[in-house]
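Asks: Below: one structure in structure tokens.
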Amino acid sequence: MQCPECSTANPEVARFCYRCGHALKRADASKHGRNNSYVVQSSEGVNQLALISTIMPHTNRETADNYRWAMITSALLIVGATALGILSIAIASAAFLIPIAYLVYIYDVNLWEDAPVPVVLGLFAATGVLATLVSLVFFRWVFDSEFSTFVAGSGTRGGFGTLSVTALLIFAVLLPIVAEIVKNLFGCLLARRPEFDDMIDGLTFGVAAGTAYAAFETIVVFWSVFTSSEFRTTAGLSSWVVVIVNLMVVKSLIYGTASGIAVGAFSGKGEGYDGFTPHYVANFAFAAGANVVYWLGVRLFAYAPFGQVLGLLWGLLILGILVIRVRVSLQHALLEAAVEDAVRDHHTFRETGTETFCPECGNMLLPGSLFCIACGTSVRSTSHQARRDIRSTSGGGAA
Amino acid sequence: MSDQASDTTAPMPSGEGLFNFGKQKTIVMIVAGVVVVGGIGGLIGAMVGGGDDDKNVAAPGAGGSGILNPTPVGNTQPTPLETTEPTPQETTAPSPPPPGDGVTLGDGIATIPVPGGWNVLGQGDVDVLLGDDQGSWVYAIVGQEDPSTDAGSLLSQIVTDILPAENYSQLQLSEVSPIQPFGSMVSAAVVDYQALWVDSQGSMPLYGQLFVGIRQDGASLVMSAEHNPPEEFEASYSSWGPVIDGAYNAFASN
């Protein structure tokens, strides 16, 4: 059977082209077709709000479950600490939940196996140092009096009438833009390297830098919790639960996914990085815009009844949009790059050799595969551990 | 190609070997990491913050701020809080703020002075919020009560409205202390508080005092003065004190 998209010859039983991932069966194309089946994890739809497979694209269905349970367990412990009023424990662990899970993930899938420590910890540390500096400048050293206007008019006092436009522009517009530049900085530097030039690498760098920034910023802006005279508090805990959930899930993942989109666009589809193209600028603007819209909403909702809960819901909405955007971007990038490679008959070290199996569905992969012909999962999105097995088994993919 | 097709139905190896960690190890590593980081946070909190009794909220007026001083701002002989029978001269003497330098609330119930360096951050018919860009801000709201209402009781009732739990976390209140009323005021009270203000973008420790004065015609004036950082609250009196004193002096003179 010849693929109508790239003209590659495929086995008659193939549901998806092993070179470009195009759906070969009418049923797949219409009902569970390529346009709906997520190439990173074929059991999910592209527009599905699945968090783990979005920010951890090298997991498969089974390992994604591991991370899901680990994060749920950790989140319950953190909420428990909050309910007990031990806020210093809750803040610290909430800030670093996603970064810790991401570090484990990166080691688990053996990402950047040649240099995991300098790459991962270097990215976290460098972004963290800059995040701390930026946060100190905005919240402590330069614009502290502007931030205090939010305090003065909070709750029932003053309402929207007390909102300082200057403070709003500083903390909901300028700060998110500066932060996005910082989050992109080291991710883009790493994405320039030939060994990290895949779009999934760029996405991973962006998510890692974004969550690291969120963690260190959280520690700075909530430092007063650590210096508080009350080690354990009983007042205002319901409000703290909302804040902790926001920090732990929403803020961290909004920062991470937004930066992932931008740095992924810097990497571009296929091998080699695209750099500072108009496509990158547009995606950077989208990422910064998402952060701006998120903080604008949080700041404005703060003057409404149940403002913190509304801010949390607003953040979840923004996060949902970002998750879908990541998945759509990754879907298009993986498919378009594969089509281009197939049409040009270009072979990559990421494709399979012989006697290898799909990590998602377990079917044997054809030599030179970029997709599983049975489930359509992209080989590019499999763990690097799997790729190492693939290379060692076959003596390396096609040159 | 047909041979390859038949290969696709071959038995698969387990996915376990494709990742460095198994299910248990993944969950244990992440949960342990979170627990360790949380423990470090708790340790820092215990060492740097918690248990320092000196930081607890003080009794009202402990700083000798002279709030509700029945004499005009700048008087060289302020009447102390303990004054039991202020003289008529002391209670009626305050000069109202110059036109244009004050905010009138509730059809003239009270006028809140706005000294130099202070800005009106927000204003309604019955309330106003002022800030000085130096970490101090004052909120004032007027109302109408039964003239026999005890200011201390009213203060206890409204404290959660003025200091909502949603933002004022770790709120510590001193005992509500009555203040000797003066002029046309029949009841007055004050409470000190310390809190950790919080919302999703940050937190800020602050210290403040909340005042209530009730006039013989039933008009009430509630004012709060807050400052960040808390340890500079008393030192900041020179900034916010004239606002509070001026407002209550004018309020009591009606």
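Line by line, the protein sequences give chains A and B. Just so we're aligned, residue 64 is where the first sequence starts under the working numbering, counting upward by one. Just so we're aligned, residue 5 is where the second sequence starts under the working numbering, counting upward by one. We treat Cβ as the ideally placed atom computed from N, Cα and C, and that holds for glycine. If you're wondering where the values come from, they're calculated on a predicted model, not measured in any experiment.
#1: Have a look at residue 266 of chain A and residue 179 of chain B and give me their C-alpha separation to the nearest angstrom.
#2: What residues are listed by DSSP as bridge partners for residue 279 of chain B?
#3: Taking buried to mean at least 16 other C-beta atoms within 10 Å of its own C-beta, is residue 408 of chain A buried or exposed?
#4: I'd like to check one pair, residue 170 of chain B with residue 158 of chain B: are the Cβ atoms closer than 8 angstroms?
#5: Mind checking if residue 353 of chain A is an interface residue toward chain B, Cβ cutoff 8 angstroms exclusive?
#6: With a cut-off of 8 angstroms on the beta carbons, I'd call residue 190 of chain A and residue 245 of chain A a contact; round off their distance for me.
#7: Along the chain, where does the alpha helix (DSSP H) that runs through residue 266 of chain A open and close?
#8: Within 10 angstroms of the Cβ of residue 286 of chain A, are there 16 or more other Cβ atoms? Answer buried if so, exposed if not.
#9: Tell me the residue span of the alpha helix (DSSP H) that contains residue 252 of chain B.
#10: 8 angstroms is my cut-off, CB to CB: does residue 245 of chain B come that close to chain A?
#11: What does a CB cutoff of less than 6 angstroms around residue 240 of chain A pick up in its chain, not counting 5 residues either side in sequence?
#12: Between residue 401 of chain A and chain B, is any beta-carbon pair separated by less than 8 angstroms?
#13: What is the DSSP secondary structure of residue 106 of chain A, counted as helix, strand or coil?
#14: Quick one: Cα of residue 205 of chain A to Cα of residue 279 of chain A, how far?
#15: With H, G and I counted as helix, E and B as strand and the rest as coil, what does DSSP make of residue 128 of chain B?
#16: Would you identify the three-state DSSP class for residue 106 of chain B, choosing helix, strand or coil?
#17: Flag this pair as yes or no: are the beta carbons of residue 466 of chain A and residue 45 of chain B separated by less than 8 angstroms?
#18: Thinking C-beta only, is residue 225 of chain A closer than 8 angstroms to residue 156 of chain B?
#19: Would you kindly report the start and end of the unbroken beta strand (DSSP E) that includes residue 1 of chain B?
#20: Short of 9 angstroms Cβ to Cβ, which residues in the segment 164-176 of chain B face chain A?
#21: Could you compute how far the alpha carbon of residue 251 of chain B sits from the alpha carbon of residue 112 of chain B?
#22: Distance check for residue 208 of chain B and residue 176 of chain B, CA to CA, integer angstroms please.
#23: Can you tell me which of A:311, A:209, A:442, A:343 puts its alpha carbon nearest to the alpha carbon of residue 247 of chain A?
#24: Just the chain A side, please: which residues come within less than 8 angstroms of residue 38 of chain B by C-beta, in chain order?
#25: Indicate whether the contact test is met: 3 or more Cβ pairs, each with one atom in the segment 198-205 of chain B and one in the segment 301-317 of chain A, closer than 8 angstroms.
#26: Are any of the Cβ atoms in chain A nearer than 8 angstroms to that of residue 34 of chain B?
#27: Do residue 333 of chain A and residue 4 of chain A count as a contact pair if the criterion is CB distance below 8 angstroms?
#28: Could you tell me which chain A residues have their CB closer than 8 angstroms to the CB of residue 50 of chain B, listed as they occur along the chain?
#29: Can residue 117 of chain B and residue 247 of chain B be called in contact, C-beta distance under 8 angstroms?
#30: List the DSSP bridge partners of residue 209 of chain B.
#31: Could you run through the segment 228-252 of chain B and flag, in chain order, every residue whose CB is less than 7 angstroms away from some CB of chain A?
#32: In whole angstroms, give me the CA-to-CA distance for residue 100 of chain B and residue 186 of chain B.
#33: Using a Cβ cut-off of 8 angstroms (strictly closer), state whether residue 202 of chain A contacts chain B.
#34: What does residue 86 of chain A pair with, by DSSP beta-bridge criteria?
Replies: Quick answer:
#1: So the alpha carbons of these two residues sit roughly 56 angstroms apart.
#2: No answer is possible for residue 279 of chain B: the residues shown for chain B start at 5 and end at 258.
#3: Looking at its Cβ environment, which holds fewer than 16 other Cβ atoms inside 10 Å, residue 408 of chain A is exposed.
#4: Taking 8 angstroms as the Cβ cut-off, residue 158 of chain B and residue 170 of chain B do not qualify as a contacting pair.
#5: So no, residue 353 of chain A is outside the interface.
#6: Going by Cβ atoms, the distance from residue 190 of chain A to residue 245 of chain A rounds to 7 angstroms, so yes, they are a contact pair.
#7: For residue 266 of chain A, the enclosing alpha helix (DSSP H) stretches over residues 262-284.
#8: It counts as buried.
#9: Counting along the chain, the alpha helix (DSSP H) containing residue 252 of chain B begins and ends at 241-256.
#10: At a cut-off of 8 angstroms, the C-beta of residue 245 of chain B has no neighbouring C-beta in chain A.
#11: So the list reads 351, once near-sequence residues are dropped.
#12: Look at residue 401 of chain A: its C-beta is not under 8 angstroms from any C-beta on chain B.
#13: Three-state result, residue 106 of chain A: coil.
#14: Taking the straight line joining both Cα atoms gives about 18 angstroms.
#15: Coil, per DSSP.
#16: Residue 106 of chain B falls in the strand class under three-state DSSP.
#17: The question about residue 466 of chain A has no answer, for chain A in this structure spans 64 to 462.
#18: With contacts defined as CB atoms closer than 8 angstroms, residue 156 of chain B and residue 225 of chain A fail to qualify as a contacting pair.
#19: Absent from the model: residue 1 of chain B. The displayed extent of chain B is 5 to 258, so no value can be given.
#20: Those would be 165, 166, 167, 168, 169, 170, 171, 172, 173, 174, 175, 176, in chain order.
#21: Between the alpha carbons of residue 251 of chain B and residue 112 of chain B lies a distance of about 12 angstroms.
#22: Distance between the alpha carbons of residue 176 of chain B and residue 208 of chain B is about 15 angstroms.
#23: Looking at the Cα atoms, A:343 is the closest of the given residues.
#24: Simply 137, 140, 141, 156, 159, 160, 163.
#25: A contact exists between the segment 198-205 of chain B and the segment 301-317 of chain A.
#26: Put simply, the CB of residue 34 of chain B is near chain A, with a gap under 8 angstroms to one of its CB atoms.
#27: Shown here, chain A extends from 64 to 462; a query on residue 4 of chain A therefore has no answer.
#28: 151, 294, listed in chain order.
#29: Taking a C-beta distance under 8 angstroms as the contact criterion, residue 117 of chain B and residue 247 of chain B qualify as a contact pair.
#30: According to DSSP, residue 209 of chain B bridges with B:200.
#31: Flagged, chain order: 232.
#32: Because the pLDDT of residue 100 of chain B is 45, which lies under 50, any placement of that residue in the model is unreliable, and the number read from its coordinates should be weighed accordingly. Residue 100 of chain B and residue 186 of chain B have their alpha carbons spaced roughly 16 angstroms apart.
#33: Answer yes: the Cβ-Cβ gap between residue 202 of chain A and chain B drops below 8 angstroms somewhere.
#34: Per DSSP, A:79.
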